[in-house]
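In our numbering, the protein residues as written are 3 to 290.
Written out as structure tokens, the structure reads:
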């Protein structure tokens with residue numbers, strides 16, 4: 003069903019691409035997130051948000067079991083670093099999509115950054131590690147990582163799809179249809195009185211936004227106004243829809259050319275999920 007789903011997504015993407023290229027910038031449904039654009043062919047070869055959440059839980063259980071084996075029976079599932087000089091914890095919240103900022107409300111409030119409160123909410127909730135626990139924690143963390151990738155060819159199968167997407171994305175950026183779409187977006191930005199950036203990534207990465215060590219910006223009036231114009235120009239000229247359709251087309255072609263290698267990558271992903279299942283059902287599952 004998943005395979006059929008992305009094939010339908012590719013067909014729909016090609017139809018959208020043809021419609022966008024043949025028509026002008028009439029009103030279009032506002033795209034606020036990348037998921038609004040639908041699935042991509044390569045999505046099935048990568049971790050989902052649910053995979054990530056489950057892997058974090060599995061890793062925490064494995065680490066706690068390892069720590070118990072090393073004489074730390076009360077180790078928390080979600081520990082903070084010890085209150086030791088030189089030990090810091092970096093917390094960042096990435097809100098940009100593959101297509102840049104898309105949500106007009108987020109652009110209006112936060113520009114090319116995000117609500118600082120979201121970073122605070124993502125901080126660990128457990129107690130601080132003791133110095134003795136912290137001394138053993140790196141080895142246990144590494145052991146948990148090894149358990150979750152057991153039986154997987156890391157240098158070949160596991161990284162294959164991600165490596166191919168690096169090359170595919172280079173081809174996407176060279177595509178004349180996307181270059182033309184970026185040029186239209188760029189001229190729109192200039193017409194609104196803002197910098198004529200070459201593409202949305204350049205607008206997001208402008209050093210004028212003075213990103214801090216956590217990656218967040220200062221949310222200045224100029225930054226927020228630029229982000230609002232950025233989003234408006236994207237929606238006016240359907241930039242995300244065309245961008246997405248080009249990505250879908252090139253991903254599908256690459257998967258077709260390297261079918262066996264992608265199949266091996268998918269098997270590796272399924273092995274990883276099985277390892278997560280095993281860890282979540284294992285003896286490390288005790289109350290926090």
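Note that CB positions come from ideal geometry on N, CA and C, so glycine has one too.
These numbers come from a predicted model, not from an experiment.
Query raised in the report: Quick one: what's got a C-beta closer than 6 Å to residue 282's C-beta in the same chain, skipping five residues either side?
Result: 60
Query raised in the report: Do you know how far the Cα of residue 237 is from the Cα of residue 32?
Result: For residue 32 and residue 237, the distance between alpha carbons rounds to 6 Å.
Query raised in the report: Counting Cβ pairs closer than 8 Å, one from the segment 243-250 and one from the segment 133-146, do we hit at least three?
Result: no
Query raised in the report: residue 206: buried (16+ other C-beta within 10 angstroms of its C-beta) or exposed?
Result: Label assigned to residue 206: buried.
Requested in this report: Would you check if the segment 139-151 and the segment 61-74 touch, i.e. whether three or more CB-CB distances between them fall below 8 Å?
Outcome: Taking 8 Å as the limit for Cβ pairs, the verdict is that the segment 139-151 does touch the segment 61-74.
Query raised in the report: Cα-Cα, which of 246, 154, 163 is closest to residue 259?
Result: Measuring from the Cα of residue 259, the nearest candidate turns out to be 163.
**Report entry** Interface flag, residue 43 vs chain C, CB-CB below 8 Å
**Finding:** Chain labels in this structure do not include chain C; a single protein chain is all it has.
Report task. Examine the Cβ distances between the segment 261-278 and the segment 152-168 and report whether three or more of them are shorter than 8 Å. Result -> yes
Query raised in the report: Taking all protein chains shown into account, do 16 or more other C-beta atoms lie within 10 angstroms of the C-beta of residue 43, making it buried, or fewer, making it exposed?
Result: buried
Query raised in the report: Opposite residue 82 in the DSSP bridges: which residues?
Result: Answer by DSSP bridge pairing, in chain order: 130.
Query raised in the report: What are the start and end residues of each continuous alpha helix (DSSP H) run of 4 or more residues lying completely inside the segment 35-77, in chain order?
Result: As far as the segment 35-77 is concerned, its whole alpha helix (DSSP H) runs of at least 4 residues are 51-71.
**Report entry** Length at least 3, wholly inside the segment 201-240: the beta strand (DSSP E) runs in chain order
**Finding:** The qualifying runs do not exist here; there are none.
Query raised in the report: When the Cα atoms are used, what is the spatial distance from residue 188 to residue 220?
Result: In this model, residue 188 and residue 220 are separated by some 24 Å (Cα to Cα).
**Report entry** Cα-Cα separation between residue 255 and residue 167, rounded to whole angstroms
**Finding:** If you take the alpha carbons of residue 255 and residue 167, they lie about 12 Å apart.
Report task. For the alpha helix (DSSP H) containing residue 112, list its first residue and its last residue. Result -> 106-112
Query - Inter-residue CB distance, residue 99 and residue 35 (contact presumed, cutoff 8 Å) - result: Yes, they are in contact, since the Cβ atoms of residue 99 and residue 35 sit about 7 Å apart, within 8 Å.
**Report entry** Proximity winner among 276, 257, 228, 218, relative to residue 118 (alpha-carbon distances)
**Finding:** 218
Query - Nearest residue (CA-CA) to residue 208, options 215, 197, 216 - result: 197
Query raised in the report: What do you get for residue 96, buried or exposed, if any count of 16 or more other CB atoms within 10 angstroms of its CB means buried?
Result: For residue 96, the pLDDT reaches just 43, beneath the cut-off of 50, and the residue's location in the model is therefore unreliable, leaving the point undetermined.
**Report entry** Inter-residue Cα distance where the pair is residue 55 and residue 201
**Finding:** Using only the alpha carbons, I get a separation of about 32 Å.
Query - residue 66 burial status per 10 Å Cβ neighbour count (16 or more: buried) - result: Counting Cβ neighbours within 10 Å, residue 66 comes out buried, since at least 16 surround it.
Query raised in the report: Around the C-beta of residue 57, are 16 or more other C-beta atoms found within 10 angstroms, so that it is buried, or is it exposed?
Result: buried
Requested in this report: With a 10 Å radius around its C-beta and 16 neighbouring C-beta atoms as the bar for buried, classify residue 225 as buried or exposed.
Outcome: So residue 225 ends up on the buried side.
Query raised in the report: When we look at the beta-carbon of residue 262 and count the other beta-carbons within 10 Å, is it buried (16 or more) or exposed?
Result: exposed
Query raised in the report: Considering only the beta carbon of each residue, do residue 183 and residue 239 sit closer than 8 Å?
Result: yes
Query raised in the report: Taking C-alpha atoms, which residue in 70, 228, 190, 83 lies nearest to residue 129?
Result: 83
Query raised in the report: Between residue 39 and residue 178, which are expected to be in contact by the criterion C-beta below 8 Å, what is the C-beta distance as a whole number of angstroms?
Result: Contact between residue 39 and residue 178 does not hold, since the beta-carbon distance rounds to 21 Å and is not under 8 Å.
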